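Novice: Residue numbers for the sequence shown follow the numbering used here, beginning at 966 and rising by one.
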Amino acid sequence: MIELQNVTKCYPIHGGERTILDRINLLIKPGEKLGVLGRNGAGKSTLVRLLSGSERPTSGKIIRNMKMSWPIALGDAFHNHLTGYDNMRLICRIYDVPFEDKVDFVKEFSELGIYLREDIIKYSSGMRARLAFAISMIIEFDCYLIDEVSAVGDSRFHAKCNYELFEKRADRGKVIVSHDPNFIREHCQDAVVLVDGKMHHFDTVDEGLAFYGRHMAGAE
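What follows is the structure, given as structure tokens:
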């Protein structure tokens, strides 16, 4: 499981600080599919960074008893002056995963071909995202963080991604951040909504989506 206990996250601003997440509590069980909803600026990306471990909470506690992925298809951790191949090899070493037998999969799945041996700095945003997704699939996690940035490439590439993530790894936990109600409804069992730094929990996805819809309507 992954548990957040009274987690608060603040960022310094001119003349003080801003609280993005305020004493939130969350329990993610093995195999659970959780949708995270909220307006822009509600704290969804902050929550993703906290779950992934790339940032620490200002206060509170995060307990991790599952292996959590980085945000799928997000290539921020790449070293720009290393090739795609060398970035893959480095990430595999960090996670203690053999990389030699993974090269063909990454090359073919990402559709980078010869560009796998080129420096990342030469990649377009789509190439980076395809490489990040491919590398995410060669390291097995208990729970996957899926942000909207995972929607890269054309419909054919989307189908490949969905097969790898939602069919082959149907038993794994997922935390899905999206503005698309249909995507949340299709892939999630539970939903939470972030409003003014607070996390609202619901018994069903439909209840969460209804609350989110009312909140968005009231904010317009």
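For each residue, glycine too, the CB sits at the ideal point set by N, CA and C.
Source: prediction; values computed, not measured.
What is the DSSP secondary structure of residue 1037, counted as helix, strand or coil?
Specialist: coil
Novice: Shortest alpha-carbon distance to residue 1099 belongs to which of 1150, 1075, 1131 and 1092?
Specialist: 1075
Novice: Based on Cα-Cα distance, which residue from 975, 1068 and 1123 lies nearest to residue 1049?
Specialist: For residue 1049, the closest of 975, 1068 and 1123 by C-alpha to C-alpha distance is 1068.
Novice: Using only the alpha-carbon positions, how far apart do residue 1142 and residue 1109 sit?
Specialist: 11 Å
Novice: Rounded to whole angstroms, what is the Cα-Cα separation between residue 985 and residue 991?
Specialist: Cα to Cα, the separation comes out at about 16 Å.
Novice: Which value, in whole angstroms, describes the spacing of the CA atoms of residue 1070 and residue 1169?
Specialist: Put simply, the backbone Cα of residue 1070 is about 37 Å away from that of residue 1169.
Novice: With distances taken from CA atoms, which of 1102, 1092 and 1159 is nearest residue 1078?
Specialist: 1092
Novice: Along the chain, where does the beta strand (DSSP E) containing residue 1156 start, and where does it finish?
Specialist: 1155–1160
Novice: Going along the chain, which residues of its own chain have a beta-carbon closer than 8 Å to the beta-carbon of residue 1052, five neighbours each way excluded?
Specialist: 1043, 1044, 1085, 1096 and 1100
Novice: Judging by CA-CA distance, which residue of 1155, 1082, 1138 and 1144 is the nearest neighbour of residue 966?
Specialist: 1138
Novice: Kindly identify the DSSP beta-bridge partner or partners of residue 973.
Specialist: 1024
Novice: What does the alpha-carbon distance come out to for the pair residue 1000 and residue 1179?
Specialist: About 17 Å.
Novice: Just to confirm the assignment: which complete beta strand (DSSP E) runs, minimum length 3, are found wholly within the region 1097–1136?
Specialist: Runs found: 1108–1111.
Novice: Need the endpoints of the alpha helix (DSSP H) that residue 1004 sits in, please.
Specialist: Note, residue 1004: premise wrong, no alpha helix (DSSP H); not H, not E.
Novice: Please determine if the region 1149–1166 and the region 1000–1009 are in contact, where contact requires at least 3 C-beta pairs separated by less than 8 Å.
Specialist: yes
Novice: Determine the contact status of residue 1032 and residue 1107, defining contact as a CB-CB distance below 8 Å.
Specialist: yes
Novice: Report the residue from 969, 980, 1012 and 1065 whose alpha carbon sits nearest the alpha carbon of residue 1028.
Specialist: Per the Cα distances, 969.
Novice: So which of 982, 1125, 1181 and 1112 has the shortest CA-CA distance to residue 1023?
Specialist: 982
Novice: Does residue 1062 come out as helix, strand or coil in the three-state DSSP assignment?
Specialist: coil
Novice: For residue 1080, is the classification buried or exposed, using 16 other Cβ atoms within 10 angstroms of its Cβ as the cut-off for buried?
Specialist: buried
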